[in-house]
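In this note's numbering, the protein residues as written are 445 to 878.
The C-beta atom is built at its ideal place from N, Cα and C for all residues, glycine as well.
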């Protein structure tokens, strides 16, 4: 034992160890010794037998002893083999499922499959600028975007893109995945959904390019879940096709954007992803891990103040509109439709100032026209036309260019009743344009 004394000097004390007394051993008789000997013999036999069996199995298993002679396996061996095969199959199945659900690191196979369906779009537009001295000058500006090959007929190849990519363009060029360039034209647009279709004459595409490009495969965007992998392909910044990857951050995300040309606002339900969608990606594809198009990218909706928030128009919402843009034709001449009401755009700013709904304020109704017969009057505000949201007179005119005289359309409008605006719907039969 160690401790300090009164002078704080270290002293050691030793306490001798006393061995405890052992209890007296009992003498075992003859039968006790016999039982212990028998038990030890049994244990030795079991250990030796197990060791020999394990050694024998090891040599048979890994040195192929006996297998080459065509000897049949015992029942125990067959059960082990079957269990191993089942385990391997189970592991393969689990890996396949896990691979589909886990983070995707290599998307090269997805890109190889989808890239021939993606194109780059270049536009040239004319911009008019009023100078300080009152003169108007015109400048040519070049824009870029992306597109997705969706179908073809006997004469044309059709490509889906965004409306804001082609809006106001004087000329269009399409560059395919093999870098070949052809001219294109706008087939149809839908500003509310920010969708458009451009067409390319098949005769303008050489045979080698035709052998490379193909139409895209669309998936069901309603089956998309938050957290699933997503791959975006597009003509980022006009440098050519590039690839980014991420996950689906949200579905059915309502996003409102303002049309700078008329100040109106449009709200659409979109897919949100953290895959980078940069200027030039507009009109490109958002893909799932099977290489199916689940959305059409749109930088118009992307946030500029934060990172990791890109948006795409869901495929399920886009396909019906795209099909309509492809099939409808502009009606010309005496068969053109006539509505019979003209108005003033109620932009968001004007609507807030006068506490009125957004839409088209009817300033004049022609007597005897379809609008007049349907009961529309001055002061009504048109908000929907043929099922589409209306924010400007131009929206009505663009829809009517594909309608012929005698077509009946549903028109939604708001009318002031006792100081409050109430919503109404009426059917209007379009007349002939004189």
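| Classification of residue 764 by the beta-carbon crowding that lies within 10 angstroms, buried from 16 upward | Stepping through the chain shown from its first residue, residue 764 is reached at position 320. The residue is exposed, with fewer than 16 neighbouring Cβ atoms inside 10 Å.
| field | Backbone secondary structure at residue 743 - three-state DSSP | value | For the purposes of this step, residue 743 is taken as the residue at position 299 of the chain shown. Note: residue 743 maps to helix in three-state DSSP.
| Mapping DSSP to helix, strand and coil, what is residue 551? | Stepping through the chain shown from its first residue, residue 551 is reached at position 107. Residue 551: coil per DSSP, three-state reduction.
| query | For residue 877 versus residue 836, is the C-beta spacing smaller than 9 Å? | reply | Mapped onto the chain shown, residue 877 falls at position 433. Mapped onto the chain shown, residue 836 falls at position 392. Result no, Cβ atoms of residue 877 and residue 836 do not sit closer than 9 Å.
| Beta-bridge pairing of residue 657 - partner residues as DSSP gives them | As a working mapping, residue 657 is identified with position 213 in the chain shown. Residue 657 pairs with nothing; no bridge assigned.
| task | Measure how close the beta-carbons of residue 692 and residue 668 come, nearest whole angstrom, since I'm counting them as under 8 Å. | result | The count along the chain shown starts at 1 and reaches residue 692 at position 248. The count along the chain shown starts at 1 and reaches residue 668 at position 224. With a Cβ gap of about 6 Å, residue 692 and residue 668 count as contacting.
| task | Give every residue of the same chain whose Cβ lies closer than 6 Å to the Cβ of residue 586, excluding the five residues on either side of it in the sequence, and list them in chain order. | result | For the purposes of this step, residue 586 is taken as residue 142 along the chain shown, with counting starting at 1. 568.
| Would you say residue 690 touches the ligand SAM, meaning its beta carbon is less than 8 Å from a heavy atom? | Among the components modelled here there is no ligand, and therefore nothing to report on the ligand SAM.
| task | Report the three-state DSSP secondary structure of residue 513 (helix, strand or coil). | result | Mapped onto the chain shown, residue 513 falls at position 69. With a pLDDT of 40 at residue 513, under the threshold of 50, the modelled position of that residue is not reliable, and no figure is offered here.
| message | Can you check which of these residues, 786, 615, 854, 730, is closest to residue 762 by C-alpha distance? | response | Counting from 1 along the chain shown, the entry for residue 762 is found at position 318. The option with the nearest alpha carbon to residue 762 is 730.
| query | What residues in its chain sit with their C-beta under 6 Å from that of residue 801, if we drop five residues either side in the sequence? | reply | On the chain shown, residue 801 is found 357 positions in, with the first residue counted as 1. Around residue 801: 825, 858, 865.
| Three-state secondary structure assigned by DSSP to residue 779 | As a working note, residue 779 is residue 335 in the chain shown. In the structure shown, residue 779 sits in a helix (DSSP, three-state: H, G or I).
| request: Return the chain-ordered list of same chain residues with a C-beta closer than 8 Å to the C-beta of residue 613, the five sequence neighbours on each side being excluded. | output: Translated into positions along the chain shown, residue 613 becomes position 169. The residues are 567, 568, 569, 587, 630.
| Identify the residues that DSSP records as bridge partners of residue 733: which are they? | The residue labelled residue 733 in the question sits at position 289 within the chain shown. DSSP lists no partner for residue 733.
| said: What does the alpha-carbon distance come out to for the pair residue 592 and residue 728? | reply: Numbered from 1 along the chain shown, position 148 holds the residue referred to as residue 592. Numbered from 1 along the chain shown, position 284 holds the residue referred to as residue 728. One C-alpha to the other measures close to 6 Å.
| task | With residue 560 as the anchor, note down where its alpha helix (DSSP H) starts and where it stops. | result | Taking the first residue of the chain shown as position 1, residue 560 is located at position 116. That residue, residue 560, is in no alpha helix (DSSP H); it is neither H nor E in DSSP.
| task | With distances taken Cα to Cα, identify the nearest neighbour of residue 715 among 647, 596, 760. | result | Reading the chain shown from its first residue, position 271 is the one you call residue 715. The shortest C-alpha separation from residue 715 is found at 760.
| field | Whole-Å CB distance - residue 610 paired with residue 644, under 8 Å assumed | value | Here residue 610 refers to the residue found at position 166 of the chain shown. Here residue 644 refers to the residue found at position 200 of the chain shown. Wrong, their Cβ atoms sit about 13 Å apart, outside the cutoff.
| According to DSSP, which residues form a beta bridge with residue 787? | Here residue 787 refers to the residue found at position 343 when the chain shown is read from its first residue. 806.
| field | residue 769 in three-state terms, based on DSSP | value | The count along the chain shown starts at 1 and reaches residue 769 at position 325. Helix, per DSSP.
| request: Select from 827, 783, 823, 797 the residue whose C-alpha is nearest the C-alpha of residue 817. | output: As a position in the chain shown, residue 817 is number 373, starting the count at 1. It is 783.
| field | Chain-order list of residues whose beta-carbon lies under 8 Å from that of residue 658 (same chain, five-residue window excluded) | value | The sequence position of residue 658 within the chain shown is 214, counting from 1. So the qualifying residues of the chain are 560, 561, 593.
| How close, in whole Å, do the beta carbons of residue 676 and residue 717 come, if the pair is a contact with beta carbons under 8 Å? | Counting from one through the chain shown, the residue named residue 676 turns up at place 232. Counting from one through the chain shown, the residue named residue 717 turns up at place 273. Sure, about 7 Å apart at Cβ, within 8 Å.
| task | Can you give me the Cβ contacts of residue 888 inside the same chain, cut-off strictly under 7 Å, excluding the 5 residues immediately before and after it? | result | This structure cannot speak to residue 888, because the chain is shown only from 445 to 878.
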